Amino acid sequence: MSNEVKIGMVGVGRWGSNVLRAMSGVDRVDLRWICDVDQVALAKQSRPHPAAKTTTRMEEVLADPDVDAVAIATPAEAHCTCVRAALDAGKHVFVEKPLTLRSDDARDLVALAQQRGLKLMVGHVFVHHPVVEYLKSAIEGGELGDVYYAYSQRLNLGVIRRHENAWWSLAPHDVSIVCHLFDSVPHSVALNGRCFVQDGVEDVVFGTLYFGDGRMANVHASWLDPCKIRKVTVVGSRKMAVYDDMNAPERLRIYDKGADTQRSGLSYADYVQLRSGDILIPQIPQTEPLSQECRRFVEAVCDDAPIITDGRNGLAVVQILEAGMESLRRNGVPVRIGEIEPRSAIPQFAPGELVTV
């Protein structure tokens, strides 16, 4: 057990600046380094943290023997190289989603972390959302009955990416949520999508995850939509739940609705009866998911606490994304997880070639 963790922050662009703020605000964190190739971003983020050293090269951070861990929030194409370099240097790692762009790379990193006895945590931030945690407890407690299916919508106008499509950029959030709520990973994925703004980069995708016990989930992700929607619906045999992240006062609604079947009866109306009862809007603490996530990383490093979104969890999400991309190439034909050879059209980077995100 350690009293504090000395951290280097790598990548402080749009999302990395949020990780820096949240990580540096956690008790027992000693921020030692801030790293980014963008000098403007580096100067901006260093002002609130004058005690931290700054650099444009990750090698300087990794060479510091006092650094226990690094938080990496670079573009996804740089994750593999940066995480491997950090683990090789003996540092614990927090890395933003996705863990890598290839499942074989992710598998190697998981093995490397285990071999070196280091913590590897992936930033699937919504798994740490208090609403998702409440919903997970409700499912495990049997409040929804048998979960039949789920579907998610993650839509907005922008940010439009150049090197990753909506599936890789947006869907990891909902894939990780569904797998967490179902406490399982799908056996196959079917994905359809279209490119409208740029050739070769899908702006909208519809993915279906098929689970071994008959459950299914649909993921709709797009950055080309008139409405900003962040919603997950879970349908069970007893109740149904809607998690709407855009509705701050009522982020979770649990509906006492369902279709009950009777084993006896002379007519169809007697056999299937629709039920509509009360709507529960539970009061849930408004804890920031990112702060909760960073705190749990520190607890893992300092106290050897378990990690929900560890490297194996990150690997599973990458495998699902990978299978989805192969299904997209096959015009929506379902692809089994692990069936295809890992491949990525996005180049990898050396540690000193980081780009801001």
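Numbering (our numbering), first residue to last: 8 to 364. We treat Cβ as the ideally placed atom computed from N, Cα and C, and that holds for glycine. Quick caveat: nothing in here was measured; it's all calculated off a predicted structure.
Considering only GLY124, ASP73, GLY339 and PHE203, the residue with the shortest C-alpha distance to ARG168 is PHE203. Out of GLN160, SER31, HIS180 and GLU147, the CA that lies nearest to the CA of LEU106 is found in HIS180. In this structure, DSSP gives VAL324 a helical state, which the three-state scheme calls helix. ALA83 is positioned such that its CB atom lies closer than 7 Å to that of LEU108. Here MET253 carries a coil assignment [DSSP, helix/strand/coil]. Nearest in C-alpha terms to ASP210, of all of LEU281, GLU171, LEU94 and VAL77, is GLU171. When rounded, the separation of the alpha-carbon atoms in PHE218 and VAL192 is 7 Å. Exclusion of the five residues before and after VAL239 leaves ALA157, SER159, ASP181, ILE184 and TYR250 as the residues of its chain whose Cβ lies within less than 7 Å of its Cβ. One alpha carbon belongs to VAL241, the other to GLN299, and they sit about 24 Å apart. Look at ILE286 here: in three-state DSSP terms it is strand.
Assignment of beta-bridge partners to TRP40 by DSSP yields GLY15 and LYS60. Following the DSSP letters along the chain, one finds ARG28 in no beta strand (DSSP E) but inside the alpha helix (DSSP H) bounded by residues 23-31. The beta carbon of VAL102 sits closer than 7 Å to those of ILE79, HIS86, VAL90, VAL129 and GLY130, all from its chain and outside the five residues before and after it, given in chain order. Your pair HIS187 and VAL117 does not check out as a contact, with CB atoms roughly 18 Å apart and the cut at 8 Å. With a cutoff of 7 Å on beta-carbon distance, GLY18 and ARG39 are scored as not near each other. Setting aside the 5 residues that flank it on each side, CYS234 is surrounded in the same chain by LEU162, each with a C-beta closer than 7 Å to its C-beta; the list follows chain order. If you ignore the 5 residues before and after GLN52, its C-beta comes within less than 7 Å of the C-beta of VAL19, SER24, LEU27 and ILE41, all in its own chain and listed in chain order.
Contact between GLY331 and GLY214 holds, since their C-beta atoms are separated by about 5 Å, short of 8 Å.
Between SER31 and the set ASP43, ARG21, GLN46 and PRO57, the nearest pair of CA atoms involves PRO57.
Burial state of PRO292 is exposed, judged by a 10 Å Cβ sphere holding fewer than 16 other Cβ atoms. Take the alpha-carbon of GLY265 and the one of GLU147: they are about 18 Å apart.
The region 153-228 is shown to contain whole alpha helix (DSSP H) runs of 4 or more residues at 173-176 and 178-189, in chain order. Here the alpha carbon of VAL134 sits roughly 11 Å from the alpha carbon of ASN320.
The shortest C-alpha to C-alpha distance from ASP73 to any of PHE189, ASP111, VAL36 and VAL166 is the one to VAL36. Rounded to the nearest angstrom, the gap between the Cα atoms of VAL342 and SER229 is 21 Å. For LYS238, there is no enclosing alpha helix (DSSP H); the enclosing beta strand (DSSP E) has its first and last residue at 231-243. Under the three-state reduction of DSSP output, LEU259 falls in the strand class.
Judged by their CB atoms, SER334 and VAL196 are nearer to each other than the 7 Å cut-off. Remark: C-beta atoms of ALA307 and LYS104 do not approach each other more closely than 7 Å.
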